[in-house]
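The structure appears below as structure tokens.
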Amino acid sequence: MQEASKKEAQRIGYAMVGGLIIGLIIHSTGQAHYVNYIKPIGTVFINLLKMVIVPLVFSSIYMSMTNLGTPEALGSMGRKAVGYYFATTVIAVFFGLILVNIINPGIGADLGTAGLQELSGDMATKVSEQKGLYETILGVMINAIPTNPAEALAGANILQIIVFAIFMGIVALYTKEKSQAITNVMASLEEMSLFLTHGIMKFAPIGIFVLMLDVMAKSGTSAIVSLSKYILTVVLGLSLHAVFLTIVASARLKKSPLHILKGVSAPLLTAFSTSSSAATLPITMTAVEENLGVRRDTAKFVLPLGATINMDGTALYESVAAIFIAQAYGIDLGLGQQVIIFMTASLAAIGAAAIPGAGLITMSIVLGAVGLPLEGIGLILAVDRLLDMFRTTVNVFGDAVGTIVVDSFLSEKEVQG
Ligand code: ASP
232 MQEASKKEAQ RIGYAMVGGL IIGLIIHSTG QAHYVNYIKP IGTVFINLLK
282 MVIVPLVFSS IYMSMTNLGT PEALGSMGRK AVGYYFATTV IAVFFGLILV
332 NIINPGIGAD LGTAGLQELS GDMATKVSEQ KGLYETILGV MINAIPTNPA
382 EALAGANILQ IIVFAIFMGI VALYTKEKSQ AITNVMASLE EMSLFLTHGI
432 MKFAPIGIFV LMLDVMAKSG TSAIVSLSKY ILTVVLGLSL HAVFLTIVAS
482 ARLKKSPLHI LKGVSAPLLT AFSTSSSAAT LPITMTAVEE NLGVRRDTAK
532 FVLPLGATIN MDGTALYESV AAIFIAQAYG IDLGLGQQVI IFMTASLAAI
582 GAAAIPGAGL ITMSIVLGAV GLPLEGIGLI LAVDRLLDMF RTTVNVFGDA
632 VGTIVVDSFL SEKEVQG
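FYI, in the working numbering the residues of the sequence shown are 232 to 648.
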């Protein structure tokens, strides 16, 4: 790991801990509203990251296509990536289900004191509009093809941008000379986007400090206490999965677990404080390449795809939350229904957008599949922001480990550099 990125990660770490402690102090004084004066700094940081996503994803997917040389090479990489996503998501849900059945956080939970909140406004609309599993997965597949690429770019629809860039990249392979002008532009755009990402990273410590301060100062500690067993189950499950991912990465890269964790510390801390895999993407891309030696063409393709469809943390979270809700309502779920939760949670995570709170909305798919009350979401609403931080961190870690694993399975011939 380079000295500069080590220092950068350290600074981000200090900023996060500082924000956490000062935020808690402000919370205890009851003066959280003052944080609103500096909150825009955190929003500016997230906006800067979002600003770079579209040019970075479009140009890097296009360039990885043209560098790979053949559509077959992309196919091979794609198959390995999707195989990894699927396997690890299923394992994550498995961890979640085992733990929630051992700890039983919902048994005896009082719906009144556990913070049952009425679903209202935007949240209630989003939950009620959430489609069933079949429609959601079909929708993800059909809508992945942009009918208007300009709209996809303008709306920052990452999956559509990926698909369009792949098509353009394939065309470029067949029309080398004629497409050279665009390829040159894309190469420049990619370099410029990466340069910009490095610049934005300099701003990360202050952005992350403010984001953490804001969340901690405003978080309701009473809900945290009454839902502590549930929080513990989710965090324990996520930690277990993170350990599993670390072992996998360490084995494939033949490096120590510490080396892996240090290498991805900047994206993990950013994921924790932004709760968005998409916003973290530019930082994840630079970290796996520069600190963990993943070949650029692998990272360029596998990471944007992973950020969009691979969400181990969200899948685990949804399975635990669904069983918790059933337990709290005193509904006895048999093995068959737990299997349905196992499957729907794995798939619902694919449909979740890489933005804060998205997992809570696709939760309704899981609840609906086994006939649990949608209002149950109100039970976990109070601590969702907090748990989103943890699950997003695992989502991003899963994506990073995915690139390491896929890269390790690709030959020199399949990926050049
Ligand atoms: N915030 C998560 C992410 O961006 C998605 C979720 O809400 O679970 O990865």
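C-beta atoms are modelled at their ideal positions from N, C-alpha and C, and glycine is treated no differently.
Supposed contact pair residue j and residue i - C-beta distance, whole angstroms, cut 8 angstroms
{"i": "methionine 296", "j": "isoleucine 397", "result": "6 angstroms"}
{"i": "glycine 633", "j": "tyrosine 268", "result": "Their Cβ separation, rounded to whole angstroms, is 40 angstroms, which puts glycine 633 and tyrosine 268 out of contact at 8 angstroms."}
{"i": "valine 266", "j": "isoleucine 277", "result": "Valine 266 to isoleucine 277, Cβ: 16 angstroms. No contact."}
{"i": "leucine 523", "j": "alanine 553", "result": "About 34 angstroms; that fails the 8 angstroms criterion."}
{"i": "alanine 448", "j": "glycine 254", "result": "4 angstroms"}
{"i": "glycine 670", "j": "leucine 427", "result": "In the structure as shown, the chain begins at 232 and stops at 648. Residue 670 is therefore absent and cannot be evaluated."}
{"i": "leucine 547", "j": "phenylalanine 326", "result": "6 angstroms"}
{"i": "glycine 629", "j": "leucine 476", "result": "6 angstroms"}
{"i": "phenylalanine 180", "j": "isoleucine 292", "result": "This structure cannot settle anything about residue 180, because the visible part of the chain is limited to 232 through 648."}
Near the ligand ASP: residue i beta-carbon under 8 angstroms from a heavy atom
{"i": "threonine 515", "result": "no"}
{"i": "glycine 588", "result": "yes"}
{"i": "glycine 582", "result": "no"}
{"i": "leucine 476", "result": "no"}
{"i": "arginine 527", "result": "no"}
{"i": "serine 506", "result": "yes"}
{"i": "methionine 542", "result": "yes"}
{"i": "threonine 623", "result": "yes"}
{"i": "aspartate 445", "result": "no"}
{"i": "threonine 274", "result": "no"}
{"i": "tyrosine 293", "result": "no"}
{"i": "valine 570", "result": "no"}
{"i": "leucine 471", "result": "no"}
{"i": "alanine 509", "result": "yes"}
{"i": "asparagine 267", "result": "no"}
{"i": "asparagine 626", "result": "yes"}
{"i": "tyrosine 548", "result": "yes"}
{"i": "threonine 545", "result": "yes"}
{"i": "leucine 591", "result": "yes"}
{"i": "alanine 613", "result": "no"}
{"i": "alanine 323", "result": "no"}
{"i": "alanine 396", "result": "no"}
{"i": "alanine 585", "result": "yes"}
{"i": "aspartate 619", "result": "yes"}
Host alpha helix (DSSP H) of residue i (start-end)
{"i": "valine 331", "result": "302-334"}
{"i": "methionine 542", "result": "Looking at the DSSP string, methionine 542 is not in any alpha helix (DSSP H), and its letter there is neither H nor E."}
{"i": "threonine 501", "result": "496-505"}
{"i": "glycine 599", "result": "589-600"}
{"i": "leucine 603", "result": "Counting along the chain, leucine 603 falls outside any alpha helix (DSSP H), and DSSP gives it neither H nor E."}
{"i": "glutamine 262", "result": "That residue, glutamine 262, is in no alpha helix (DSSP H); it is neither H nor E in DSSP."}
{"i": "leucine 364", "result": "364-374"}
{"i": "proline 513", "result": "508-523"}
{"i": "aspartate 619", "result": "615-639"}
{"i": "glutamate 422", "result": "411-433"}
{"i": "lysine 644", "result": "Note, lysine 644: premise wrong, no alpha helix (DSSP H); not H, not E."}
{"i": "asparagine 278", "result": "270-299"}
{"i": "threonine 575", "result": "566-582"}
{"i": "lysine 460", "result": "459-484"}
{"i": "glutamate 408", "result": "Segment: none, glutamate 408 is in no alpha helix (DSSP H) and carries neither H nor E."}
{"i": "glycine 386", "result": "No alpha helix (DSSP H) holds glycine 386; DSSP gives it neither H nor E."}
{"i": "leucine 610", "result": "608-611"}
9 angstroms Cβ cutoff met for residue i and residue j
{"i": "methionine 542", "j": "isoleucine 581", "result": "yes"}
{"i": "valine 495", "j": "valine 627", "result": "yes"}
{"i": "leucine 578", "j": "valine 288", "result": "no"}
{"i": "methionine 247", "j": "leucine 489", "result": "no"}
{"i": "phenylalanine 555", "j": "leucine 605", "result": "no"}
{"i": "arginine 526", "j": "valine 646", "result": "yes"}
{"i": "isoleucine 439", "j": "serine 504", "result": "yes"}
{"i": "glutamate 239", "j": "methionine 432", "result": "yes"}
{"i": "leucine 280", "j": "isoleucine 514", "result": "yes"}
{"i": "leucine 536", "j": "alanine 312", "result": "yes"}
{"i": "leucine 330", "j": "leucine 471", "result": "yes"}
{"i": "valine 551", "j": "leucine 328", "result": "yes"}
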